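Q: Numbering (full-length UniProt numbering), first residue to last: 1 to 380.
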């Protein structure tokens, strides 16, 4: 297949299923300048040996259909065209895909959980593809769980039909040596609603690229994210919300905490409002809490507005240390420093964690944040 005729944006200039249509990144390109390419183990330049193995298991709600299909299934690639070389390599390299379908007007009675697990000690790269289809007026929650050791690149498509409601929780809880590069793309039909939560905690290098495009008026997307980077970790989130039709809404709110030397968090938020997208209402926010010296944060919000007829458009980004006044206030009331620190971090991240609808996942994330804070306290 050739190039899509329409560029995604000035930051995403090309879309193609063909790996050869993308040059090998050097690190000087805008879309790669923050990513440590040498730590991707060849996912970006074709030198990765495709002999790795991940295990994909699906626990589906009773109302949901799950199929394991080959590359020739006509439902694959209909919503998303790869926008960089790693994504195109993942599309060209997967052998089987998981297709999850929620029938028209069905309301799933339980979350559908897709577990991707890398095998300890396995070498080589693995590639995956997942397509989630909600037919008109269906409602469902999907959990994407990532664990174990792997070098893994994948694409995930969410096709949300007219009036459908989809909530997605993606948990990156990899082992310390894992590398994961993923694109998660949602295509929203008329009056569709899409809510995503991306939680990145584990892994050596994790780069997640959520994107949304609207197919008809009335679409509503909310993208939330929580991440906690430790020493040496690189956690990167690159978002794209493409308003191509009138009267749609989007909200983005990502928050992260960092501690210890060489912890690196990257957040790139790109929102496009095209000339035909009158009445768009959008806002994006990224906030980072720096807990120790030696960390690095790169936070870049972008708005590309091609029409003056918008309901609202804005963005904000802030990165800073713990507020000494907050800590002093708590300590003045007899709360020890370590517990005061925990309370501030809990409050900062907890506003988004509390939005996670699946109790088991929400509790797991809360426990993981507590473990991160314990680790930080033990090092001081």
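Ideal Cβ positions, reconstructed from N, Cα and C, are used throughout, including at glycine.
Keep in mind the model is a prediction, meaning the values are calculated, not measured.
Out of curiosity, what's the CA-to-CA distance linking residue 230 and residue 364?
A: Cα-Cα distance, rounded: 18 Å.
Q: Within 10 angstroms of the Cβ of residue 68, are there 16 or more other Cβ atoms? Answer buried if so, exposed if not.
A: Residue 68 should be labelled exposed.
Q: What separation, rounded to the nearest whole angstrom, lies between the Cα atoms of residue 5 and residue 182?
A: Per-residue confidence for residue 5 stands at a pLDDT of 41, beneath the threshold of 50, marking its modelled position as unreliable; the derived number appears in the next sentence. For residue 5 and residue 182, the distance between alpha carbons rounds to 23 Å.
Q: What runs of the beta strand (DSSP E), each 3 residues or longer, lie entirely inside the region 90 to 141?
A: Taking only runs of at least 3 residues, the beta strand (DSSP E) segments lying wholly in the region 90 to 141 are 97 to 102, 112 to 118 and 125 to 134.
Q: Between the beta-carbon of residue 75 and the beta-carbon of residue 141, is there less than 9 Å?
A: No, Cβ-Cβ distance for residue 75 and residue 141 is not below 9 Å.
Q: Closer than 6 Å by C-beta to residue 235: which residues in its own chain qualify, once you throw out the five before and the five after it? Chain order, please.
A: Same-chain partners within the cutoff: 200, 206, 227, 229 and 265.
Q: Contact check, residue 110 vs residue 102 under 8 Å by CB: the rounded distance?
A: 12 Å between Cβ atoms; not a contact.
Q: According to the neighbour-count rule (16 or more other Cβ atoms, all chains shown, within 10 Å of its Cβ), is residue 151 buried or exposed?
A: Residue 151 is buried by the Cβ-count criterion.
Q: Report the rounded CA-to-CA distance for residue 34 versus residue 204, giving the unit in angstroms.
A: Spanning the two alpha carbons is a distance of roughly 15 Å.
Q: I need the straight-line Cα distance from residue 319 to residue 43, nearest angstrom please.
A: Computed Cα separation, rounded: 30 Å.
Q: To the nearest angstrom, how far is it from the Cα of residue 240 to the Cα of residue 159?
A: Approximately 16 Å, taken between the alpha carbons.
Q: Could you give the first and the last residue of the continuous alpha helix (DSSP H) run that contains residue 339?
A: Where residue 339 is concerned, the enclosing alpha helix (DSSP H) stretches over 337 to 353.
Q: Distance, Cα to Cα, residue 278 vs residue 168?
A: Cα to Cα, the separation comes out at about 27 Å.
Q: Within 10 angstroms of the Cβ of residue 161, are there 16 or more other Cβ atoms? Answer buried if so, exposed if not.
A: Per the 10 Å Cβ criterion, buried.
Q: Below 6 Å CB to CB, which residues in the same chain sit around residue 372 once its five sequence neighbours on both sides are set aside?
A: Taken in chain order, the residues that qualify are 228.
Q: Keeping to the same chain, check which residues put their C-beta closer than 6 Å to that of residue 220; ignore five residues upstream and five downstream.
A: Cβ within range, chain order: 193 and 249.
Q: Residue 278 by DSSP, collapsed to three states: which one?
A: Coil, per DSSP.
Q: How long is the line joining the alpha carbons of residue 301 and residue 286, rounded to whole angstroms?
A: So the two alpha carbons sit approximately 8 Å from each other.
Q: When you compare the CB positions of residue 188 and residue 215, do they come within less than 9 Å of one another, or not?
A: Yes, they are a contact pair.
Q: Report the start-end ranges of each beta strand (DSSP E) in the region 159 to 239 that is 3 residues or longer and not cut off at the edges.
A: The qualifying runs are 165 to 172, 179 to 188, 193 to 200, 205 to 214 and 220 to 229.
Q: Identify, in the order they occur along the chain, each residue of the same chain with its Cβ nearer than 7 Å to the Cβ of residue 37, setting aside the five sequence neighbours on each side.
A: Taken in chain order, the residues that qualify are 25, 27 and 44.
Q: Tell me the rounded alpha-carbon separation between residue 86 and residue 93.
A: Distance between the alpha carbons of residue 86 and residue 93 is about 10 Å.
Q: Please go through the same chain and pick out, in chain order, the residues whose beta-carbon is closer than 8 Å to the beta-carbon of residue 327, but skip the five residues on each side of it.
A: 337, 340, 341 and 344.
Q: Which runs of the alpha helix (DSSP H) at least 4 residues long sit entirely within the region 54 to 94? Give them in chain order.
A: You should have 85 to 93.
Q: Going by CA-CA distance only, name the one from 175, 138, 197 and 202 that's closest to residue 191.
A: For the residues 175, 138, 197 and 202, the minimum Cα distance to residue 191 belongs to 138.
Q: Going by beta carbon distance, what residues of the same chain come within less than 6 Å of residue 209, once the five residues before and after it are set aside?
A: Cβ within range, chain order: 183 and 238.
Q: Under three-state DSSP, which class holds residue 362?
A: Residue state, collapsed to three classes: helix.
Q: Beta-carbon within less than 6 Å of residue 114's beta-carbon, same chain only, minus the 5 sequence neighbours each way: which residues are those?
A: Within the same chain, residue 114 has close Cβ partners 58 and 144.
Q: Apart from the five residues on each side of it in sequence, which residues of its chain come closer than 6 Å, Cβ to Cβ, to residue 2?
A: For residue 2, the pLDDT reaches just 39, beneath the cut-off of 50, and the residue's location in the model is therefore unreliable, although a value from the coordinates is still provided. Cβ within range, chain order: n/a, list empty.
Q: Between residue 48 and residue 164, how many whole angstroms is the CB-CB distance? I'm expecting something under 8 Å.
A: Not quite, the Cβ-Cβ distance comes to about 36 Å (not below 8 Å), so this is no contact.
Q: Beta carbon of residue 296, beta carbon of residue 275: below 9 Å?
A: No, they are not a contact pair.
Q: Is residue 223 buried or exposed, if buried means 16 or more other CB atoms sit within 10 Å of its CB?
A: The residue in question, residue 223, is buried, as its Cβ has 16 or more Cβ neighbours within 10 Å.
Q: Taking its Cβ as the centre, do 16 or more other Cβ atoms sit within 10 Å of residue 123, making it buried, or is it exposed?
A: It counts as exposed.
Q: Taking its Cβ as the centre, do 16 or more other Cβ atoms sit within 10 Å of residue 55, making it buried, or is it exposed?
A: Its Cβ having fewer than 16 others within 10 Å, residue 55 is exposed.
Q: Over the uninterrupted beta strand (DSSP E) stretch that includes residue 254, give me the two end residues.
A: Its beta strand (DSSP E) spans residues 249 to 258.
Q: List the DSSP bridge partners of residue 289.
A: In DSSP, residue 289 forms a bridge with 257 and 320.
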